[in-house]
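Down below is the structure, laid out as structure tokens.
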Amino acid sequence: MDAIIKLKNLNVWYGENHVLKNINLEFYEKKITAIVGPSGCGKSTLLKTMNRLIELTENAKVSGEVLYRDINIYDPDVNVIEVRRRIGIVFQKTTPLPMSIYDNVAYGPRLHGISDKRTLDEIVKNSLIKVGLWDEVRHRLKDSAFNLSLGQQQRLAIARTISINPEVILMDEPTSALDPVSSMKIENLMKEFKNDYTIILVTHNLNQAKRVSDFTAFIYYGEIIEYNITDKIFREPEKKLTMQYMRGIVF
Amino acid sequence: MVENMLKASVNPCIKFDMKSTIFIIPIVIVIGVLVYILSLIILGGLKALNLDLLFTSIMYGGIFEAIIGTFLLLVGTSILALPISIATAIYLTEYAPKGGKTVKIIEQSIDNLAGLPSIVVGLFGYEFFVKMLGFGVSLLSGWLTLLIMVIPIVTKATKEAILMVPEEFRKVASALGATKWDIIRDIILPISMPGIASGIILGMARISGETAAILFTACTLTARGIPATPLEPIISLSYYLFVVIFTSPGSAYTKAYALATILMSITVSLYSIAIVVRFHYRKRKRW
Ligand SMILES: Nc1ncnc2c1ncn2[C@@H]1O[C@H](COP(=O)(O)OP(=O)(O)OP(=O)(O)O)[C@@H](O)[C@H]1O
Ligand SMILES: [Mg+2]
Chain A
1 MDAIIKLKNL NVWYGENHVL KNINLEFYEK KITAIVGPSG CGKSTLLKTM NRLIELTENA
61 KVSGEVLYRD INIYDPDVNV IEVRRRIGIV FQKTTPLPMS IYDNVAYGPR LHGISDKRTL
121 DEIVKNSLIK VGLWDEVRHR LKDSAFNLSL GQQQRLAIAR TISINPEVIL MDEPTSALDP
181 VSSMKIENLM KEFKNDYTII LVTHNLNQAK RVSDFTAFIY YGEIIEYNIT DKIFREPEKK
241 LTMQYMRGIV F
Chain B
1001 MVENMLKASV NPCIKFDMKS TIFIIPIVIV IGVLVYILSL IILGGLKALN LDLLFTSIMY
1061 GGIFEAIIGT FLLLVGTSIL ALPISIATAI YLTEYAPKGG KTVKIIEQSI DNLAGLPSIV
1121 VGLFGYEFFV KMLGFGVSLL SGWLTLLIMV IPIVTKATKE AILMVPEEFR KVASALGATK
1181 WDIIRDIILP ISMPGIASGI ILGMARISGE TAAILFTACT LTARGIPATP LEPIISLSYY
1241 LFVVIFTSPG SAYTKAYALA TILMSITVSL YSIAIVVRFH YRKRKRW
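Protein chains in written order, with this note's numbering: chain A, 1 to 251; chain B, 1001 to 1287.
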């Protein structure tokens, strides 16, 4: 099994606050890996280090390596824009850009130099089809994306992410703001996407992790406590802490 | 127990009534004075105002040059102020190190600039633009002098508009590969536009009646017709009003009222537009 992303001795500080401690972790290609752990333990931070979005946070400091196909994305000669094209992210808060539905999906490709109208039309259509939104919005592509329901907005965010052909999709609690039906739609999308993308999913919902993921990492206050095949870690965790968390004893 | 509850519920009511009366008296006085001034000027102005007056040259007893002069001042200053103010605001909010000394110094200077008495700005304009740079008493010197008063207003409005843009947009766009400049151009500026627009209109309102700043820098009494180049002097409504009152207090009073009415309607309309834009913007904003 090939690891597409490898974290080596990864440490992150916000100012003096050491939030990720010596993380070593491998993410396998075209698999879904869930990251679970209590609130504030560093899950979002971990995702943000994997496409250098952490660099938007002024007081954040990163040390160690994030290897993407064996290239350290923090190397000075690596193009951060290319990193973010290949490693996309979907956030918890469904945030449409203040533009039309069409432009939300076309924005990424445009940033990467595609300006031909027909190519863009094609990309927008295919991306919306893939997230099952095309039939719902095909007649109002020029509408503001804010007119969509939350669930639709989140699927739009996913369409926006895949519009630039990433290989990895990071998902930070993508369903925690959504109703159960919309959540299920997104979970089903993740399962469909497994053939094409590597998905790293942060979730608070242990059942969701169980349902969709192949591997699960349990992180606790900045440290990886246990990492294993999902079935295994849920059925017979090796560490006591993991078991306690899975049973809702520690938070 | 019950008594206490009653007291507690009654007391605030009494206080509230007292407060509201205390606040109503000055409001009534202010509105009364305003209505009195407005009606005095408008009644006087309506008697003198007619289309002939507006389109007749000053040489033949009209005020045409003054209208054109004010128009040129407002438009020119706005066009110059926009890029400078937007660039300053973008620098302050996006590029300058946060909480750094540079930002503090620039912001403090902008605040101080906004508080300068306009006669002082006029004096500076006269020394610097008219004499030192040799632009003479001209439309150009007037523009540059008024810029000093307008830039702080537009910069502040732009900065506020930019700061209201939710942080999430930045995250989402960066994640798609947008550079800082991409984000400014595609997201921050477009959604700040209404705020910037209300800023520039406020700036125009502020200088539409300005007299002291252009007294020595842009206007001469002998200016006639429409200036052929920005290096020629102009006459503005405010300046001409000043001249009319100053030189012939008795006879030309109807003309003074006409000038005052026009000036006032320009200023009031500009302020109203700014308020409407701002209100509309706040109401419509939903990201
Ligand atoms: N910009 C920041 N500056 C300082 N501290 C921060 C910053 N962002 C996060 N932190 C802190 O870093 C720690 C990890 O935060 P992070 O957002 O990664 O946690 P999380 O596991 O995603 O939590 P949640 O499940 O609540 O989303 C927290 O203690 C948080 O308070
Ligand atoms: Mg988080």
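Here a beta-carbon is modelled for each residue, glycine too, at the ideal position from N, C-alpha and C.
These numbers were taken from a predicted model, which means no experiment stands behind them.
Next on the checklist: Beta-carbon within less than 6 Å of Gly-88 of chain A's beta-carbon, same chain only, minus the 5 sequence neighbours each way: which residues are those?
Outcome noted: Position 88 of the first sequence, counting from 1, holds the residue named residue 88 of chain A. Excluding residues within five positions, the ones whose Cβ falls inside 6 Å are Thr-161, Pro-166, Ile-169.
Next on the checklist: Strictly below 8 Å CB to CB, what residues from chain A border Ser-1174 of chain B?
Outcome noted: Numbered from its first residue, the second sequence carries residue 1174 of chain B at position 174. Those are Leu-53, Leu-56, Arg-84, listed as they occur along chain A.
Item to check | Closer than 8 Å to chain A by CB, Ile-1187 of chain B | outcome: Your numbering for residue 1187 of chain B matches position 187 in the second sequence. Contact of Ile-1187 of chain B with chain A is assigned, a C-beta pair being separated by under 8 Å.
Next on the checklist: Taking its Cβ as the centre, do 16 or more other Cβ atoms sit within 10 Å of Asn-104 of chain A, making it buried, or is it exposed?
Outcome noted: By one-based count along the first sequence, residue 104 of chain A stands at place 104. So Asn-104 of chain A counts as buried.
Checklist entry - Nearest-angstrom Cα distance between Trp-13 of chain A and Ile-229 of chain A? => result On the first sequence, residue 13 of chain A is found 13 positions in, with the first residue counted as 1. On the first sequence, residue 229 of chain A is found 229 positions in, with the first residue counted as 1. So the alpha carbons of these two residues sit roughly 29 Å apart.
Item to check | Where Trp-1181 of chain B falls, given that 16 or more other Cβ within 10 Å makes a residue buried | outcome: In the second sequence, the residue the question calls residue 1181 of chain B occupies position 181. It is exposed - the Cβ of Trp-1181 of chain B has fewer than 16 other Cβ atoms within 10 Å.
Checklist entry - Are any of the Cβ atoms in chain B nearer than 8 Å to that of Ile-164 of chain A? => result Against the first sequence, residue 164 of chain A aligns to sequence position 164. Yes, because at least one Cβ of chain B sits closer than 8 Å to the Cβ of Ile-164 of chain A.
Checklist entry - Taking Cβ-Cβ distances shorter than 9 Å, what residues in chain A pair up with Arg-1224 of chain B? => result Numbered from its first residue, the second sequence carries residue 1224 of chain B at position 224. Within chain A, no residue comes near Arg-1224 of chain B; the closest Cβ sits about 50 Å away, beyond 9 Å.
Next on the checklist: Counting C-beta neighbours from all protein chains within 10 Å, is the total for Met-190 of chain A 16 or more, i.e. buried, or is it exposed?
Outcome noted: Locating residue 190 of chain A in the first sequence gives position 190, where the first residue counts as 1. So Met-190 of chain A counts as buried.
Checklist entry - From what residue to what residue does the alpha helix (DSSP H) around Val-1243 of chain B run? => result Within the second sequence, the letter at position 243 stands for residue 1243 of chain B. Membership of Val-1243 of chain B in the alpha helix (DSSP H) is indicated by the continuous run 1237-1247.
Next on the checklist: Helix, strand or coil for Tyr-221 of chain A? Go by DSSP, reduced to three states.
Outcome noted: Residue mapping note: residue 221 of chain A aligns to position 221 of the first sequence, counting from 1. The answer is coil: DSSP assigns Tyr-221 of chain A none of H, G, I, E or B.
Checklist entry - Taking Cβ to Cβ, would you say Thr-1070 of chain B is nearer than 8 Å to Leu-1237 of chain B? => result Here residue 1070 of chain B is taken as the residue at index 70 of the second sequence, counted from 1. Here residue 1237 of chain B is taken as the residue at index 237 of the second sequence, counted from 1. Yes, Cβ-Cβ distance for Thr-1070 of chain B and Leu-1237 of chain B is below 8 Å.
Checklist entry - When DSSP builds the beta bridges, which residues end up paired with Cys-41 of chain A? => result Translated into positions along the first sequence, residue 41 of chain A becomes position 41. Looking at the DSSP assignment, Cys-41 of chain A forms no beta bridge with any residue, so it has no partner.
Next on the checklist: Closer than 7 Å to a non-hydrogen atom of ligand 2 - does that hold for the CB of Lys-93 of chain A?
Outcome noted: Position 93 of the first sequence, counted from the start, is the residue given in the question as residue 93 of chain A. No, Cβ of Lys-93 of chain A sits at least 7 Å from all heavy atoms of ligand 2.
Checklist entry - So with Cβ pairs under 8 Å, would you call Asp-1052 of chain B a contact of chain A? => result To locate residue 1052 of chain B, count along the second sequence from 1; it is residue 52. Chain A, which has no Cβ nearer than 8 Å to the Cβ of Asp-1052 of chain B, makes this no.
Checklist entry - How would you list, in chain order, the residues of chain C whose beta-carbon sits under 7 Å from the beta-carbon of Ala-1178 of chain B? => result Although the question refers to chain C, the structure presented lacks it and instead comprises the protein chains A and B.
Next on the checklist: Any heavy atom of ligand 1 closer than 7 Å to the beta-carbon of Lys-43 of chain A?
Outcome noted: Position 43 of the first sequence holds residue 43 of chain A. Closer than 7 Å to some heavy atom of ligand 1: that describes the Cβ of Lys-43 of chain A.
Checklist entry - So, are the CB atoms of Gly-222 of chain A and Leu-7 of chain A less than 8 Å apart? => result Position 222 of the first sequence, counted from the start, is the residue given in the question as residue 222 of chain A. Position 7 of the first sequence, counted from the start, is the residue given in the question as residue 7 of chain A. Cβ distance not < 8 Å, so Gly-222 of chain A and Leu-7 of chain A don't count as in contact.
Checklist entry - Relative to the alpha-carbon of Lys-30 of chain A, which residue among A:Phe-193, A:Ile-249, A:Asn-126, A:Leu-206 has its alpha-carbon at the smallest distance? => result Locating residue 30 of chain A in the first sequence gives position 30, counting from the first residue. The candidate whose alpha carbon is nearest that of Lys-30 of chain A is A:Phe-193.
Checklist entry - Does DSSP put Met-99 of chain A in a helix, a strand or coil? => result The residue you call residue 99 of chain A lines up with position 99 of the first sequence. Three-state DSSP puts Met-99 of chain A in coil, outside helix and strand.
Item to check | Of the residues A:Leu-67, A:Cys-41, A:Ser-127, A:Gly-15, the one placed nearest His-204 of chain A, counting alpha carbons only | outcome: By one-based count along the first sequence, residue 204 of chain A stands at place 204. Out of A:Leu-67, A:Cys-41, A:Ser-127, A:Gly-15, A:Cys-41 has the C-alpha closest to the C-alpha of His-204 of chain A.
Checklist entry - Under a CB-based cut-off of 8 Å, is Phe-91 of chain A close to chain B? => result For this step, residue 91 of chain A is matched to residue 91 along the first sequence. Interface criterion met: the Cβ of Phe-91 of chain A is under 8 Å from a Cβ in chain B.
Item to check | Positions along the stretch 1190-1218 of chain B whose CB lies within less than 9 Å of some CB in chain A | outcome: If you check each beta-carbon in the stretch 1190-1218 of chain B against every beta-carbon of chain A, the ones closer than 9 Å belong to Pro-1190, Ile-1191.
Item to check | Supposed close pair Gly-151 of chain A, Ser-176 of chain A - CB separation, criterion 8 Å | outcome: Position 151 of the first sequence, counted from the start, is the residue given in the question as residue 151 of chain A. Position 176 of the first sequence, counted from the start, is the residue given in the question as residue 176 of chain A. Between Gly-151 of chain A and Ser-176 of chain A the beta-carbon gap is near 12 Å, outside 8 Å, which marks them as no contact.
Checklist entry - In whole angstroms, what is the alpha-carbon distance linking Leu-111 of chain A and Ala-1178 of chain B? => result Counted from its first residue, the first sequence places residue 111 of chain A at position 111. Counted from its first residue, the second sequence places residue 1178 of chain B at position 178. In this structure, the alpha-carbon of Leu-111 of chain A lies about 6 Å from that of Ala-1178 of chain B.
Checklist entry - Applying a beta-carbon distance threshold of less than 8 Å, which residues of chain A neighbour Glu-1168 of chain B? => result Here the question's residue 1168 of chain B lines up with position 168 in the second sequence. What Glu-1168 of chain B touches in chain A: Phe-91, Lys-93, Thr-95.
Item to check | Sequence-distant residues of the same chain with beta carbon closer than 8 Å to Asp-143 of chain A, five excluded per side | outcome: Position 143 of the first sequence, counted from the first residue, corresponds to residue 143 of chain A. If we look at Asp-143 of chain A and ignore the five residues flanking it on each side, its Cβ neighbours are Ser-100, Ile-101, Val-137.
Checklist entry - What does Lys-1171 of chain B touch in chain A if you count any residue whose Cβ is under 8 Å from its own? => result For the purposes of this step, residue 1171 of chain B is identified with residue 171 of the second sequence, where counting begins at 1. When 8 Å is used as the limit between beta carbons, Lys-1171 of chain B is near these residues of chain A: Leu-53, Leu-56, Phe-91, Thr-95, in chain order.
Item to check | In DSSP terms, what Ile-32 of chain A is bridged to | outcome: For the purposes of this step, residue 32 of chain A is taken as residue 32 along the first sequence, with counting starting at 1. DSSP, once it has assigned bridges, lists A:Ile-199 as partnering Ile-32 of chain A.
Next on the checklist: Helix, strand or coil for Ser-1009 of chain B? Go by DSSP, reduced to three states.
Outcome noted: For this step, residue 1009 of chain B is matched to residue 9 along the second sequence. Note on Ser-1009 of chain B: pLDDT 49, under 50, position unreliable in the model; the coordinate value appears next. Three-state result, Ser-1009 of chain B: helix.
Next on the checklist: By the DSSP assignment, the beta strand (DSSP E) with Ile-158 of chain A in it spans what residues?
Outcome noted: As a working mapping, residue 158 of chain A is identified with position 158 in the first sequence. Annotation: Ile-158 of chain A is outside any beta strand (DSSP E); the continuous alpha helix (DSSP H) that includes it extends over 150-162.
Checklist entry - For the stretch 1091-1115 of chain B, which residues have a beta carbon sitting closer than 8 Å to at least one beta carbon of chain A? => result Those would be Lys-1098, in chain order.
Checklist entry - What residues in its chain sit with their C-beta under 7 Å from that of Glu-226 of chain A, if we drop five residues either side in the sequence? => result Walking along the first sequence from the start, residue 226 of chain A turns up at place 226. Result list for Glu-226 of chain A: Phe-218, Ile-233, Pro-237, Glu-238, Lys-239, Thr-242, in chain order.
Checklist entry - So, using beta-carbon positions, are Val-202 of chain A and Leu-47 of chain A closer together than 8 Å? => result For the purposes of this step, residue 202 of chain A is taken as residue 202 along the first sequence, with counting starting at 1. For the purposes of this step, residue 47 of chain A is taken as residue 47 along the first sequence, with counting starting at 1. Here Val-202 of chain A is near Leu-47 of chain A, since their CB atoms are less than 8 Å apart.
Checklist entry - Taking just the CA atoms, how far does Ala-1081 of chain B sit from Gly-1100 of chain B? => result As a first step, residue 1100 of chain B is located in the second sequence; it is residue number 100 there, counting from the start. As a first step, residue 1081 of chain B is located in the second sequence; it is residue number 81 there, counting from the start. CA-to-CA, the gap between Gly-1100 of chain B and Ala-1081 of chain B works out to about 25 Å.
Checklist entry - Does the pairing of the stretch 1143-1159 of chain B with the stretch 1206-1217 of chain B give three or more beta-carbon distances under 8 Å? => result Touching, yes.
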